[in-house]
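For the protein sequence lines, the chains are W and U, in the order given.
Here the working numbering is used: the first residue of the first sequence is 5, the next is one more, and so on.
Here the working numbering is used: the first residue of the second sequence is 5, the next is one more, and so on.
Even glycine gets a Cβ: it sits at the ideal position worked out from N, Cα and C.
The structure presented is a predicted model; accordingly, all values stated were derived computationally and were not measured.
Note sheet for the following structure.
2 protein chains.
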Amino acid sequence: MESKIRKVLVADDEPDIRELLQYNLSAAGYEVILAQDGDDALDKAKKNKPDLILLDVMMPKKSGVEVCKILRSQTQFSETLIVMLTALSDDGSVVKGLETGADDYIGKPVSPKVLVSRLQALFRRQSKSESNSLVAGPIAINAEQFLVTVEGKSISLAKKEFELLYLLANKPGRVFLRNEILTQVWGNEVIVGDRTIDVHIRKIRQKLGIDCIKTVKGVGYKFVL
Amino acid sequence: MESKIRKVLVADDEPDIRELLQYNLSAAGYEVILAQDGDDALDKAKKNKPDLILLDVMMPKKSGVEVCKILRSQTQFSETLIVMLTALSDDGSVVKGLETGADDYIGKPVSPKVLVSRLQALFRRQSKSESNSLVAGPIAINAEQFLVTVEGKSISLAKKEFELLYLLANKPGRVFLRNEILTQVWGNEVIVGDRTIDVHIRKIRQKLGIDCIKTVKGVGYKFVL
DNA sequence: ACTTAATGATAACTTAATATTAACGCCTGA
DNA sequence: TCAGGCGTTAATATTAAGTTATCATTAAGT
Chain W
5 MESKIRKVLV ADDEPDIREL LQYNLSAAGY EVILAQDGDD ALDKAKKNKP
55 DLILLDVMMP KKSGVEVCKI LRSQTQFSET LIVMLTALSD DGSVVKGLET
105 GADDYIGKPV SPKVLVSRLQ ALFRRQSKSE SNSLVAGPIA INAEQFLVTV
155 EGKSISLAKK EFELLYLLAN KPGRVFLRNE ILTQVWGNEV IVGDRTIDVH
205 IRKIRQKLGI DCIKTVKGVG YKFVL
Chain U
5 MESKIRKVLV ADDEPDIREL LQYNLSAAGY EVILAQDGDD ALDKAKKNKP
55 DLILLDVMMP KKSGVEVCKI LRSQTQFSET LIVMLTALSD DGSVVKGLET
105 GADDYIGKPV SPKVLVSRLQ ALFRRQSKSE SNSLVAGPIA INAEQFLVTV
155 EGKSISLAKK EFELLYLLAN KPGRVFLRNE ILTQVWGNEV IVGDRTIDVH
205 IRKIRQKLGI DCIKTVKGVG YKFVL
């Protein structure tokens, strides 16, 4: 099930790198547009409306940072993914990368393989960003912040508790067999007793203070409101 | 143990919309306060001191425009972000909204996704306008000078310490996996042990003297106040 | 209502993860 | 070159998460 082809704009002043990236991104199934300096990047961004923009920090005309700022100030590009490429030798690469409002920044050198997988992760995150944080009644679950709020109040769950709740809440009403829960949360190899699940369920119920996990006796549990 | 989450006050007279917004903003990690009319909004703004106020234009008691004017006339709210929600049918509402000193206005209906990203953009812009120095409570981080001050006192951090703190502090509340931290601060190729992160975290905590980095066991670390 | 199987609750226990401390090299600036 | 800060690691302590044992309670079938 292939979705539409993603367009990636690559802005770097070094021809070698442009070529390298173009080759690898094309091979990974992206449509690639190239730009060789900051102004060129801005220009081609407007024309082609790419899904993601890879910006080298050090470029003629306008630096990647400047380009990023300009793009971000426009509503048109407020949703577009922007990734900065920074040389690690630069002092404070973290600082530079974060200041711009980019969605991610990657230190050079980077193997094409790593780069592609980082981009894929970003696209994945973006498409999930709606379901990444899910809402059911007074309960909101934010996976990014590892945070659950009930009626506005934030509640801290332990890792397993969170994973369990997240599993159930993702498909409200659906009953999860104990076996399913075990393989999903604990994995195939781990063997734990049945009571372990109960205890975690209990802790979740306790912490949330809301009766949202229903027991289906002899079968499993389900999330309902 | 209260974490520093951005508070958003939502003022709208339609229960359905209040509910919709509450759910989606909660899911995005905001703490949400609800108000159902103009007076209620003013009241709750004073009590809760939200970071951002979402005002429907058409409300009983006092209109969003009136509320906005009143808020803006008080020093307490001079810095607070105010966003007007206007029905597109209202002619000239855009003009009115902006005239009153709102930071942004959004036409209804709006998809929750778009709304959230608009708010995020506003917060981003706000924190940037304070130059590239980042302020969170008693902690101020100046990336330009590699300088951190706590309650006015300047503290000297080593480079790695600084980068690590800066990374976390830039997205308050967001959990950073140990892997993320490694690639962001140390780069793609470098391999260092897990304990290294711990030690740096410890040094930061020690030097700052404030408990602002919370560990999420089995997951990573996050910056909160 | 009785019996039984399944789950709830609690506390004791085990394990995994992180905190802490100190030590070791490395580089840098006096 | 030598002192001292920095980054890393190793070793150990501490803490929180996760698990299990036990007993109480509940629900379904008879």
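Given this structure, state the Cα-to-Cα distance separating residue i from residue j, to the nearest angstrom.
| i | j | result |
| --- | --- | --- |
| W/Glu23 | U/Ile185 | 30 Å |
| U/Glu6 | W/Val152 | The predicted model places U/Glu6 with a pLDDT of 37, which falls under 50 and marks its position as unreliable, so this point remains unresolved. |
| U/Val220 | U/Gln26 | 26 Å |
| U/Gln165 | U/Ile74 | In the sequence as displayed, the identity of residue 165 of chain U is Glu instead of Gln. Spanning the two alpha carbons is a distance of roughly 44 Å. |
| U/Ser67 | U/Asp17 | 10 Å |
| U/Gln149 | W/Val179 | 56 Å |
| U/Asp20 | U/Glu70 | 23 Å |
| U/Asp41 | W/Arg182 | 47 Å |
| U/Ile208 | U/Thr104 | 43 Å |
| W/Tyr109 | W/Ile57 | 11 Å |
| W/Gly213 | U/Lys51 | 26 Å |
| W/Asn174 | W/Phe127 | 20 Å |
| W/Gly111 | W/Leu38 | 20 Å |
| U/Ile205 | U/Leu168 | 8 Å |
| W/Gly141 | U/Lys226 | 27 Å |
| U/Ser77 | U/Asp47 | 15 Å |
| W/Gln210 | W/Gln130 | 33 Å |
| W/Thr200 | U/Thr84 | 47 Å |
| U/Tyr170 | U/Leu123 | 22 Å |
| U/Asp215 | W/Gly197 | 38 Å |
| U/Asn28 | U/Val36 | 10 Å |
| U/Asp202 | U/Lys157 | 25 Å |
| U/Asp43 | U/Ala125 | 28 Å |
| W/Ser137 | W/Gln80 | 24 Å |
| U/Ile159 | W/Ile195 | 49 Å |
Since residue i contacts residue j with CB under 8 Å, what's their CB separation in whole angstroms?
| i | j | result |
| --- | --- | --- |
| U/Gly33 | W/Asn146 | 5 Å |
| U/Pro64 | U/Lys11 | No, U/Pro64 and U/Lys11 are not in contact; Cβ-Cβ is about 23 Å, not under 8 Å. |
| U/Leu172 | U/Ile143 | Not a contact, Cβ separation roughly 11 Å. |
| U/Ala15 | U/Ala45 | 4 Å |
| U/Ser30 | W/Ser82 | At roughly 22 Å, the Cβ-Cβ gap does not stay under 8 Å, so U/Ser30 and W/Ser82 are not in contact. |
| W/Val114 | U/Asn192 | 6 Å |
| U/Asp107 | U/Leu89 | U/Asp107 to U/Leu89, Cβ: 13 Å. No contact. |
| U/Val139 | U/Gly177 | Between U/Gly177 and U/Val139 the Cβ distance is about 15 Å, and since that is not below 8 Å, they are no contact. |
| W/Val98 | U/Val189 | 6 Å |
| W/Lys163 | U/Gly222 | 4 Å |
| W/Ala49 | W/Leu13 | 6 Å |
What does residue i reach in chain W if we use C-beta pairs closer than 7 Å?
| i | result |
| --- | --- |
| U/Ser121 | Ser82 and Glu83 |
| U/Arg178 | Glu148 and Gln149 |
| U/Ile9 | Ser158 |
| U/Ala125 | Ser82 |
| U/Tyr27 | Val139 and Ala144 |
Quickly, what does DSSP pair residue i with across the bridge? List them, please.
| i | result |
| --- | --- |
| W/Leu56 | W/Val12 and W/Leu85 |
| U/Tyr4 | No answer is possible for residue 4 of chain U: it lies beyond the span of chain U, which begins at 5 and ends at 229. |
| U/Ala39 | U/Ala15 |
| W/Thr219 | W/Tyr225 |
| U/Val235 | The structure shown does not extend to residue 235 of chain U, since chain U is modelled only from 5 through 229, so no value can be given for it. |
Residues of chain U with CB closer than 8 Å to the CB of residue i, please, in chain order.
| i | result |
| --- | --- |
| W/Gln210 | Near W/Gln210 there are no residues of chain U at all, since even the closest Cβ is about 17 Å away, more than 8 Å. |
| W/Val114 | Asn192 |
Cβ closer than 7 Å: which chain U residues qualify as neighbours of residue i?
| i | result |
| --- | --- |
| W/Thr153 | Ser30 |
| W/Val118 | Asn192 |
| W/Val203 | Chain U residues near W/Val203: none, gap ~17 Å exceeds 7 Å. |
| W/Gly197 | Those within 7 Å of W/Gly197 in chain U number zero; the least Cβ separation is about 20 Å. |
Give the interface partners of residue i over in chain W, defined as CB-CB distance under 8 Å, in chain order.
| i | result |
| --- | --- |
| U/Tyr225 | By Cβ distance, chain W contributes nothing, its closest Cβ being about 11 Å from U/Tyr225, past 8 Å. |
| U/Lys221 | Ala162 and Lys163 |
| U/Gln130 | Those do not exist, as U/Gln130 stays about 12 Å from chain W at its closest Cβ, beyond 8 Å. |
| U/Glu18 | What U/Glu18 touches in chain W: nothing, since even the nearest Cβ is about 18 Å away. |
| U/Val36 | Gly156 |
| U/Leu171 | Val98 and Leu102 |
| U/Gln40 | Neighbours of U/Gln40 on chain W: none; closest Cβ ~16 Å, over 8 Å. |
| U/Asn230 | It is not possible to answer for residue 230 of chain U, since the shown part of chain U is limited to 5 through 229. |
TODO: Within the segment 88 to 167 of chain W, note down every full alpha helix (DSSP H) run reaching 4 residues or more, in order along the chain.
DONE: Within the segment 88 to 167 of chain W, complete alpha helix (DSSP H) segments of at least 4 residues are found at 97 to 103 and 116 to 136, given in chain order.
- [ ] Could you tell me which uninterrupted alpha helix (DSSP H) segments, each at least 4 residues in length, are contained entirely in the segment 182 to 210 of chain W, listed from first to last along the chain?
- [x] Counting only runs that start and end inside the segment 182 to 210 of chain W, the alpha helix (DSSP H) elements of at least 4 residues fall at 182 to 185.
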